[in-house]
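One structure is given here, and the rest of the page talks about it.
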Amino acid sequence: MKILTTVKKVVDVELNIKVNDGAIVEEGLQYVINAWDESAVEAAVQMKENHGAETTLVSVGGGDTTDIIRRCYAMGIENGIHIEDPALEKADSSIFAKVLQKVCEAGNYDLVITGKQAQDTDSGHTGILLAEYLKLPCVSNVIGIEVMDEQHIKVSRAGDGGTEIVELSLPAVVTVDVSINEPRLPQMRGIMMAKKKKIEEMDLAALGTSPDDVGAGAPKSEIIEFMESEKRKGGQKFEGDAAEITAKVVQLLADEAKVL
Amino acid sequence: MAKVLVVADIKEGVLKGSTAELCSKAKAIGTEVAVAAIGSNIEPLIPDLAKAGSDTQYIADDPGLEAFSAGPYASCVVDAARQFGADMIWFGFSESGKAVAPRVAAQLDAACANEITDVTLEAGRIEVVRPAFTNKVVQRVKSNTDKLVAVVRAGAFEADEGVTGSENVVKLSAPAPDAKAVVKELISDATGDIDLADADIVVSVGRGARNQEGVDLVKQLANDLSAGFGSSRAMVDGGFMPHNKQVGQTGKIVAPSLYIAVGISGAIQHLAGMNGSKVILAVNKDPEAPIFNVADYGIVGDLFEVVPILREEIKKVRG
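Read top to bottom, the protein sequences are chains C and H. The opening position of the first sequence corresponds to residue 15 in this note's numbering, with each subsequent residue numbered one higher. The opening position of the second sequence corresponds to residue 364 in this note's numbering, with each subsequent residue numbered one higher.
Written out as structure tokens, the structure reads:
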């Protein structure tokens with residue numbers, strides 16, 4: 015079984031993010047692997063260990079993603095592709111999905127595992143769009159993957175009414191939630207070996223496509239500007255005798271906030 | 364006149380409140396409004412669908428649509444959107460909406476936006492506002508096409524009591540099941556519980572509850588208040604709470620009148636799921652917990668001591 019995982023380099027959202035003049039202030043930003051993609055990588059590595067799958071990751075854009083790809087190598091991913099092209103500067107999720115479609119068509123993968131969303135855009139579109147473009151079956155928000163045989167997997171999906179169990183015929187695309195697993199920390203031996211591994215760097219031409227072919231000049235949506243979000247402020251905080259302060263707060267909820 | 368197709372949010376045979384909210388907003392921006400309703404045995408909901416504010420109801424009612432399956436559901440929405448000539452297709456905030464919206468966008472060659480909090484339509488130009496970077500900032504996004512598919516963030520729009528619609532039913536033919544993604548089973552983990560999305564009050568439990576005994580204690584508070592009972596990620600990962608009760612960026616987004624966070628420290632991912640609540644009460648023994656930075660009222664104390672008192676005091680004021 016050949017597995018492809020997609021990995022996006024994103025802003026570390028745990029740190030402060032400032033807006034100036036409609037744009038995100040670059041200074042002080044740190045970049046990390048998207049948390050959902052890290053779970054996708056862990057899921058792929060587990061399938062390699064348990065079922066002998068061959069694992070490849072692809073990262074599109076993000077500038078220098080060497081550190082992130084090496085981290086995934088240290089976790090156990092075998093092959094890495096990084097696609098960077100100036101034409102992708104304004105890419106939206108449909109364009110990223112088109113680029114990934116080219117990667118999939120070139121690689122003949124049985125299963126594509128992506129994170130269900132990225133923590134910068136929080137859109138959750140790319141994996142599902144990719145499946146649509148490839149006309150492959152797809153399940154999103156996956157919290158468990160079980161290999162049935164070479165042609166079938168059984169996945170659990172966190173749905174609105176509970177956990178949905180779906181049997182997928184391969185090739186297929188799944189997008190995973192972070193709760194599917196606890197990504198391993200790379201060990202020293204893996205980190206040392208990862209340093210020697212090659213990363214296949216490509217632009218769109220090397221991928222056998224062109225900016226027009228993936229619609230790079232015509233994104234379906236464009237960000238006009240960023241704005242500060244309305245920040246809530248902390249209100250009244252009470253410390254001291256539990257009985258006293260709890261009674262006080264309940265009175266406030268009833269009389270001042272009028273929500274009881 | 365521009366046209367908005369609202370995809371009805373139906374759960375266990377009941378039309379959820381988000382459908383009326385989306386129809387009201389669509390009418391407020393001056394569009395013609397239709398709904399698409401998909402499921403099994405949903406025809407009894409037609410009067411409710413009209414009352415929610417729609418003037419045409421596209422109904423896909425088939426036993427094969429009882430269990431959610433993204434492919435067939437998307438086919439129904441695309442069918443309705445084409446027949447109606449929709450400029451925009453809006454989904455309420457749900458896991459099914461998030462799964463179907465990008466498929467519909469791909470099939471209609473439309474732009475797609477998740478978690479929108481506002482939308483404007485002027486001279487055919489569609490713009491939306493939505494959060495980004497785990498809710499730390501917001502962005503204004505324009506569609507470069509004349510069609511947009513959007514998932515609306517929970518609580519973003521309000522239902523207008525004055526808005527109403529009329530019955531004009533169009534039946535959709537049932538799509539073929541997805542032979543390559545076969546839904547085998549639904550393991551329901553909350554039948555009969557109050558739906559988080561609809562609850563006027565939500566009580567959520569976090570790591571501070573430590574164990575099942577703690578979870579049960581906090582659940583009693585939720586029961587007293589007829590509140591939805593949610594969770595932080597820690598208690599879901601710990602196996603104490605089901606996955607579909609997780610409030611946060613990766614789970615449910617809620618915006619109740621009152622949100623009570625018990626033993627929750629307040630990681631940004633959790634805050635992203637509840638900071639639209641009107642009033643927030645936090646109970647936490649750590650006075651420095653970040654939850655207090657967003658809470659309107661805070662009680663610093665051990666939840667095992669505070670929650671029983673809270674229950675008593677609430678009973679007193681509610682009579």
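Don't be surprised by glycine CBs; every beta carbon is placed ideally from N, CA and C. Since the model is a prediction, treat every value here as computed from it, not as a measurement.
{"Check": "Which one or two residues does DSSP pair with tyrosine 660 of chain H in a beta bridge?", "Outcome": "C/Gln250, H/Leu644"}
{"Check": "Given this structure, state the Cα-to-Cα distance separating lysine 206 of chain C from valine 59 of chain C, to the nearest angstrom.", "Outcome": "Correcting the residue identity first, residue 206 of chain C is methionine in this sequence and not lysine. Distance between the alpha carbons of methionine 206 of chain C and valine 59 of chain C: 18 Å."}
{"Check": "Less than 8 Å between the CB atoms is what I'm expecting for glutamate 56 of chain C and methionine 89 of chain C, so what's the real figure, rounded?", "Outcome": "7 Å"}
{"Check": "Where are the beta strand (DSSP E) runs, 3 residues long or more, that stay fully inside the stretch 389-439 of chain H, in chain order?", "Outcome": "395-402, 419-424"}
{"Check": "Whether or not the stretch 374-383 of chain H and the stretch 448-458 of chain H are in contact is what I'm after, with contact meaning three or more pairs of Cβ atoms, one per stretch, closer than 8 Å; do they touch?", "Outcome": "yes"}
{"Check": "Determine the chain C residues that contact glutamate 676 of chain H at a beta-carbon separation under 7 Å, and present them in chain order.", "Outcome": "Thr260, Ala261, Val264"}
{"Check": "Could you compute how far the alpha carbon of alanine 54 of chain C sits from the alpha carbon of threonine 189 of chain C?", "Outcome": "8 Å"}
{"Check": "Within 8 Å, do at least three Cβ pairs link the stretch 472-487 of chain H to the stretch 158-165 of chain C?", "Outcome": "no"}
{"Check": "How far does the alpha helix (DSSP H) with alanine 462 of chain H in it extend, from its first residue to its last?", "Outcome": "458-471"}
{"Check": "Using the beta-carbon count (16 or more within 10 Å), is leucine 221 of chain C buried or exposed?", "Outcome": "buried"}
{"Check": "Count Cβ pairs between the stretch 529-540 of chain H and the stretch 413-424 of chain H that sit closer than 8 Å; are there 3 or more?", "Outcome": "yes"}
{"Check": "Taking alanine 208 of chain C as the reference, give the member of C/Asp78, C/Ile31, C/Gln44, C/Gly94 with the closest Cα.", "Outcome": "C/Gly94"}
{"Check": "Between which residues of its own chain and alanine 522 of chain H is the CB-CB distance below 7 Å, once the five residues before and five after are set aside?", "Outcome": "Gly380, Ala383, Glu384, Ser387"}
{"Check": "Alpha carbon to alpha carbon, what distance is there between alanine 630 of chain H and glycine 569 of chain H?", "Outcome": "11 Å"}
{"Check": "Contact criterion: CB-CB distance below 8 Å. Does glutamate 685 of chain H meet it with respect to chain C?", "Outcome": "Any question about residue 685 of chain H goes unanswered here, given that chain H covers just 364 to 682."}
{"Check": "Below 8 Å on the Cβ atoms is my contact criterion, and I expect leucine 182 of chain C with lysine 374 of chain H to pass it. Report the Cβ-Cβ distance as a whole number of Å.", "Outcome": "About 25 Å separates the two Cβ atoms, so there is no contact after all."}
{"Check": "Going by DSSP, what residues sit across from tryptophan 50 of chain C in a beta bridge?", "Outcome": "The partner list for tryptophan 50 of chain C (beta bridge, DSSP) is empty, contrary to what the question assumes."}
{"Check": "Does any residue of chain H bring its CB to less than 8 Å from the CB of valine 46 of chain C?", "Outcome": "no"}
{"Check": "Just to make sure I have the definition right: I need the residues of chain C whose C-beta is within less than 8 Å of the C-beta of valine 501 of chain H. Which are they?", "Outcome": "Phe240, Met241, Glu242, Ser243"}
{"Check": "Anything in the stretch 472-486 of chain H with a Cβ closer than 9 Å to a Cβ of chain C? List those residues in chain order, please.", "Outcome": "Asp472, Ala473, Ala474, Cys475, Ala476, Asn477, Glu478"}
{"Check": "Assuming leucine 511 of chain H and methionine 451 of chain H form a contact by the criterion Cβ under 8 Å, report the distance between their Cβ atoms to the nearest whole angstrom.", "Outcome": "5 Å"}
{"Check": "With 16 as the cutoff for other CB atoms within 10 Å, does lysine 272 of chain C come out buried or exposed?", "Outcome": "exposed"}
{"Check": "So what does DSSP say about arginine 198 of chain C, is it helix, strand or coil?", "Outcome": "coil"}
{"Check": "Output, in sequence order along the chain, the residues in the stretch 441-465 of chain H whose CB is closer than 7 Å to any CB in chain C.", "Outcome": "Ser457, Glu458, Ser459, Lys461, Ala462, Pro465"}
{"Check": "Could you tell me whether any Cβ in chain C is nearer than 8 Å to the Cβ of glycine 427 of chain H?", "Outcome": "no"}
{"Check": "Answer with yes or no whether the minimum CB distance from glutamine 250 of chain C to chain H is below 8 Å.", "Outcome": "yes"}
{"Check": "Sort H/Asp424, H/Asp372, H/Ala590, H/Ser432 by Cα distance to alanine 537 of chain H and report the nearest one.", "Outcome": "H/Asp424"}
{"Check": "Give a yes or no on whether 8 Å exceeds the smallest Cβ distance from arginine 246 of chain C to chain H.", "Outcome": "yes"}
{"Check": "Please classify arginine 516 of chain H: does DSSP put it in a helix, a strand, or coil?", "Outcome": "coil"}
{"Check": "Hey, glycine 460 of chain H and alanine 618 of chain H: beta-carbon distance below 8 Å or not?", "Outcome": "no"}
{"Check": "My understanding is that isoleucine 489 of chain H touches arginine 516 of chain H, with C-beta atoms under 8 Å, so please give their C-beta distance in whole angstroms.", "Outcome": "About 17 Å; that fails the 8 Å criterion."}
{"Check": "Can you pull the chain H neighbours of isoleucine 157 of chain C, defined as C-beta to C-beta under 7 Å?", "Outcome": "His606"}
{"Check": "If the cut is a Cβ gap below 8 Å, which residues of chain H does tyrosine 147 of chain C touch?", "Outcome": "Ala469"}
{"Check": "Going along the chain, which residues of its own chain have a beta-carbon closer than 6 Å to the beta-carbon of glycine 138 of chain C, five neighbours each way excluded?", "Outcome": "Lys130, Gln131"}
{"Check": "Ordered along the chain, which non-local residues of its own chain (more than five positions away) have a Cβ less than 8 Å from that of asparagine 638 of chain H?", "Outcome": "Asn498, Val657"}
{"Check": "Given a threshold of 16 other Cβ atoms within 10 Å of its Cβ, counted over all protein chains shown, does proline 435 of chain H qualify as buried or as exposed?", "Outcome": "buried"}
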